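Enquirer: This is the structure I have questions about; it appears just below.
Number of protein chains: 2
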Amino acid sequence: MPELRHDPFQKRWVIISTERALRPADYEAPKVEIKGRLCPFCEGSEDKTPPEIMAFRDGTPRDKPGWKVRVVPNKFPALKIEGDLDRRGVGVYDSMNGVGAHEVIIETPIHDLEFADMPVDQIRLVLAACRERLNDLLKDRRFKYILIFKNYGSAAGASLSHPHTQMIATPVTPRTVAVELQSGKDHYHVKERCLFCDMIQEELAAGDRIVRANEHYVAMAPYASRFPFEIFLAPRPHRHSFGEITDEEIHHLAVMMKDLLRRIKVALKNPPYNFLFHTIPNIHAGPKRATYWETIEFDFHWHLEIMPRLTHVAGFEWGTGFYINPTSPEEAARYLREVELPPL
Amino acid sequence: MPELRHDPFQKRWVIISTERALRPADYEAPKVEIKGRLCPFCEGSEDKTPPEIMAFRDGTPRDKPGWKVRVVPNKFPALKIEGDLDRRGVGVYDSMNGVGAHEVIIETPIHDLEFADMPVDQIRLVLAACRERLNDLLKDRRFKYILIFKNYGSAAGASLSHPHTQMIATPVTPRTVAVELQSGKDHYHVKERCLFCDMIQEELAAGDRIVRANEHYVAMAPYASRFPFEIFLAPRPHRHSFGEITDEEIHHLAVMMKDLLRRIKVALKNPPYNFLFHTIPNIHAGPKRATYWETIEFDFHWHLEIMPRLTHVAGFEWGTGFYINPTSPEEAARYLREVELPPL
């Protein structure tokens with residue numbers, strides 16, 4: 000019998016469709032490759048990107064070779080950094096200028112060194128660059144939210160294959176985050192506990208959806224997974240803001256992310272994937288600062304979502320906003336837990 | 000400057016990103032083809048599907064050749080027709096049995112006769128079969144909603160190429176519909192007018208997003224289009240329920256749908272697409288009937304959404320629930336309006 004499961008964060012139902020039960024080998028992962036062309040992210044092509052915003056370098060000059068991680072503005076930004084929002088009504092509609100930021104974190108100078116294969120120290124640098132850019136963008140009161148995300152493989156939306164992560168700062172709190180925040184607020188209001196912490200406790204006790212867990216982080220297949228082999232990763236102690244992550248926490252996160260992405264790569268034959276961080280909205284953003292701030296620390300728990308792209312989102316999902324998942328999260332977690340990884 | 004636009008139905012922001020402005024020729028439409036194999040929907044293969052639920056036939060026997068449109072249960076249904084919902088809590092989560100219906104409307108006995116190329120009379124039969132099945136499923140009080148949708152091409156989620164439309168009946172009102180219904184209710188509560196009717200009036204007056212309009216139907220590129228060349232089609236007079244569509248209205252709808260799908264096929268080189276109908280939820284569904292019924296007639300206006308699948312939904316969209324659209328709806332409408340169609 001298929002089962003409907005409810006996601007308490009997104010307040011969303013998902014169909015776990017056992018009739019269509021699929022195992023890893025049943026998914027034909029779309030080819031990850033992207034057509035070769037002159038890569039603007041490679042070392043030596045620094046003049047092919049807009050001037051860098053920051054980089055980790057050993058004393059080498061800006062926009063020249065000799066960097067480990069490099070952050071540049073997106074050459075074709077979805078949102079633009081200059082200008083005011085100019086909020087306005089247009090008949091029954093509403094409009095504002097597309098003010099925001101769109102940056103690219105070039106994860107490595109090496110063209111074909113995938114995230115899953117990078118040394119932990121390199122992943123630490125990528126995460127440290129994300130933290131630094133996030134905290135800088137949070138100072139801009141026009142930006143309500145900053146999303147850190149990665150598209151890996153063309154079927155996941157990547158247009159360049161050189162390893163990179165992106166950040167987009169938006170002038171509105173995105174609906175997805177607003178819903179999670181409201182769920183957290185509602186729960187805290189009644190129970191004075193974090194909804195995410197409660198869920199993590201329950202998942203650790205049950206165990207069957209846990210992929211990996213240690214004293215620092217927990218990775219699980221969500222109870223109401225939308226997609227097969229989706230992973231939710233969160234710090235085990237309560238942490239509301241990714242911007243406040245410590246160097247030590249970054250180290251443990253890098254170890255965990257590498258492990259999970261290797262599991263996905265081996266179990267699902269290097270599929271395209273997306274990952275994205277959800278952290279609290281910008282508490283400094285105007286004009287609604289005060290309303291957020293009072294209880295926000297326990298209203299939200301930052302987390303990372305990893306979504307292998309194995310199924311098509313089709314008419315039913317667009318028309319309803321709920322999802323048909325042909326692999327149960329319990330089975331997905333078991334496969335990912337048990338997959339044999341080659342030695343490092 | 001990119002622009003943020005707000006959709007008053009879905010209460011969703013969209014980024015119209017002029018920096019990335021793309022014209023029809025810039026989109027590389029993913030191949031529509033699906034691997035050939037023995038087709039269970041072809042005439043003569045009636046024993047390859049579950050027994051038919053209904054068909055338009057000229058006196059030929061059930062589950063035999065000699066039909067024009069044939070409706071069968073999906074062989075691998077996302078939801079199952081038998082059983083009770085058995086709603087239950089599971090720790091912090093909620094679960095219920097996956098009770099529902101999942102039917103396939105086989106649009107024609109001819110394997111390669113695409114919707115856009117069918118005679119109007121054939122499209123009328125398809126729409127009449129949708130109406131008949133919708134009204135039958137609405138009698139089941141377990142079903143809160145019935146979605147009629149089509150996936151065309153494998154990138155749009157189709158797994159068989161023989162022309163078919165699908166229906167899924169769900170035991171919860173899908174979030175997407177619930178949000179539209181609430182928007183309509185809020186508007187009607189204040190203004191005692193239908194939000195959709197107001198929008199249609201305004202669009203007809205402005206004109207620049209209209210693709211086609213006559214006294215029966217209006218087709219437009221939505222102000223806050225999520226996807227390039229997305230179309231919103233609605234009856235021009237106020238109509239809340241697709242189940243109550245008359246034969247004459249079906250005729251005019253068939254003419255309009257054929258015209259629009261031909262425009263998409265020619266302008267965008269036969270891209271994969273999804274279409275889906277949004278109609279009112281099942282007012283007979285238990286146990287909340289009374290709450291809906293009072294004002295629902297003016298809270299909702301049925302409509303069809305057509306979405307060519309030209310862009311990838313990637314990390315940003317998953318992480319935020321808002322969309323980056325590289326073609327403005329004004330430009331999309333103009334292209335579709337002006338495309339030269341070959342003679343019929």
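Note that the protein sequences, when read in sequence, are chains A and B.
Residue numbers for the first sequence follow numbering that gives the first Met the number 0, beginning at 0 and rising by one.
Residue numbers for the second sequence follow numbering that gives the first Met the number 0, beginning at 0 and rising by one.
From the three backbone atoms N, C-alpha and C, an ideal C-beta is built for every residue, glycine too.
Small disclaimer: the values here were computed from a predicted structure and weren't measured.
Curious, which full-length beta strand (DSSP E) runs of at least 3 residues does the stretch 256 to 312 of chain A contain?
Expert: 272 to 277, 302 to 307
Enquirer: Could you tell me the distance, in whole angstroms, from the CA atom of B/Y173 to the CA atom of A/K138?
Expert: Note on identity: in this sequence residue 173 of chain B is Pro, with Tyr being the wrong assignment. The straight-line gap separating the alpha-carbon atoms of B/P173 and A/K138 is approximately 38 Å.
Enquirer: Check the Cβ of A/H239 against every Cβ in chain B and list those closer than 9 Å, keeping chain order.
Expert: Here the premise fails: no neighbours, minimum Cβ distance about 17 Å.
Enquirer: Can you list the residues of chain B that A/V176 reaches, using a CB-CB cut of under 9 Å?
Expert: G318, T319, G320
Enquirer: Counting only beta-carbon separations shorter than 8 Å, does A/I14 have a partner in chain B?
Expert: Yes, because at least one Cβ of chain B sits closer than 8 Å to the Cβ of A/I14.
Enquirer: Between A/T278 and A/F231, is the Cβ-Cβ spacing less than 8 Å?
Expert: no
Enquirer: Along the beta strand (DSSP E) that carries B/K190, what are the first and last residues, could you check?
Expert: From DSSP, B/K190 is part of no beta strand (DSSP E) but of the alpha helix (DSSP H) over 174 to 190.
Enquirer: Based on DSSP bridge pairs, tell me the residues matched to A/E330.
Expert: Bridge partners of A/E330: none, in fact.
Enquirer: Who are the Cβ neighbours of A/F299 in its own chain at under 6 Å, not counting the five residues just before and after it?
Expert: L180, G183, H239, I279
Enquirer: Might you give, ordered along the chain, the residues of its own chain that have their beta carbon closer than 7 Å to the beta carbon of A/L344, omitting 5 neighbours on each side?
Expert: Chain A is shown from 0 up to 343; residue 344 of chain A falls before or after that span and cannot be answered.
Enquirer: Let me know if A/F142 comes out buried or exposed under the rule of 16 or more other beta-carbons within 10 Å of its beta-carbon.
Expert: buried
Enquirer: Going by DSSP, what residue range makes up the beta strand (DSSP E) through B/R11?
Expert: Its beta strand (DSSP E) spans residues 11 to 15.
Enquirer: Output, in chain order, the set of chain A residues within a Cβ distance shorter than 7 Å of B/R11.
Expert: Within chain A, the residues near B/R11 are R174.
Enquirer: In angstroms with no decimal places, state the Cα-to-Cα distance between A/N213 and A/T175.
Expert: 28 Å
Enquirer: Please check if any C-beta of chain B sits within less than 8 Å of the C-beta of A/I80.
Expert: no
Enquirer: Quick one: which residues of the stretch 153 to 167 of chain A get their C-beta closer than 8 Å to a C-beta of chain B? List them in chain order.
Expert: Close to chain B, meaning a Cβ-Cβ distance shorter than 8 Å, are the following residues of the stretch 153 to 167 of chain A: S153, A154, A155, G156, A157, Q165, I167.
Enquirer: Spatial neighbours of B/R333 within its chain, please: CB distance less than 8 Å, with the 5 preceding and 5 following residues excluded, ordered by chain position.
Expert: In the same chain as B/R333, and ignoring 5 residues on each side of it, the C-beta atoms closer than 8 Å to its own belong to D207, in chain order.
Enquirer: Under a Cβ-count criterion, where at least 16 other Cβ atoms within 10 Å of its own Cβ denotes burial, should B/V103 be classed as buried or exposed?
Expert: buried
Enquirer: Please say whether A/L126 and A/I15 have beta carbons closer to each other than 8 Å?
Expert: no
Enquirer: List the residues of chain A whose Cβ lies closer than 7 Å to the Cβ of B/N273, in chain order.
Expert: A313, G314, W317
Enquirer: Can you give, in chain order, each stretch of the beta strand (DSSP E) that sits fully within the stretch 99 to 172 of chain B and has at least 3 residues?
Expert: 100 to 105, 144 to 151, 163 to 169
Enquirer: Ordered along the chain, which non-local residues of its own chain (more than five positions away) have a Cβ less than 7 Å from that of B/K74?
Expert: T48, P49
Enquirer: Run through DSSP, which three-state label would B/F345 get?
Expert: A question about residue 345 of chain B goes unanswered here, because the residues of chain B that appear run from 0 up to 343.
Enquirer: Which residues in chain A have a C-beta closer than 7 Å to the C-beta of B/I323? List them in chain order.
Expert: Proximity of chain A to B/I323 at the Cβ level (cut-off 7 Å) is accounted for by A77, in chain order.
Enquirer: Is there a Cβ of chain B sitting closer than 8 Å to that of A/T169, yes or no?
Expert: yes
Enquirer: Which residues bound the alpha helix (DSSP H) around B/T203?
Expert: In the sequence on display, residue 203 of chain B carries Leu and not Thr. Taken as a continuous stretch (DSSP letters only), the alpha helix (DSSP H) holding B/L203 covers 194 to 205.
Enquirer: Count the other C-beta atoms from every protein chain shown that fall within 10 angstroms of the C-beta of A/S158, then say buried if there are 16 or more, exposed otherwise.
Expert: Looking at its Cβ environment, which holds fewer than 16 other Cβ atoms inside 10 Å, A/S158 is exposed.
Enquirer: Name the chain A residues that come within less than 9 Å of B/Y187, Cβ to Cβ?
Expert: Listed along the chain, the chain A residues whose CB falls inside 9 Å of the CB of B/Y187 amount to none; the nearest CB is some 13 Å away.
Enquirer: Counting only Cβ pairs nearer than 9 Å, list the residues of chain B close to A/M306.
Expert: G314, W317
Enquirer: Can you check which of these residues, A/P325, A/R336, A/K257, A/P341, is closest to A/L3 by C-alpha distance?
Expert: Cα-wise, what sits closest to A/L3 is A/P325.
Enquirer: Rounded to the nearest angstrom, how far is the Cβ of B/G320 from that of A/F148, given a contact under 8 Å?
Expert: Not a contact, Cβ separation roughly 13 Å.
Enquirer: Between the alpha carbons of A/V71 and A/P170, how many angstroms are there, rounded?
Expert: 20 Å
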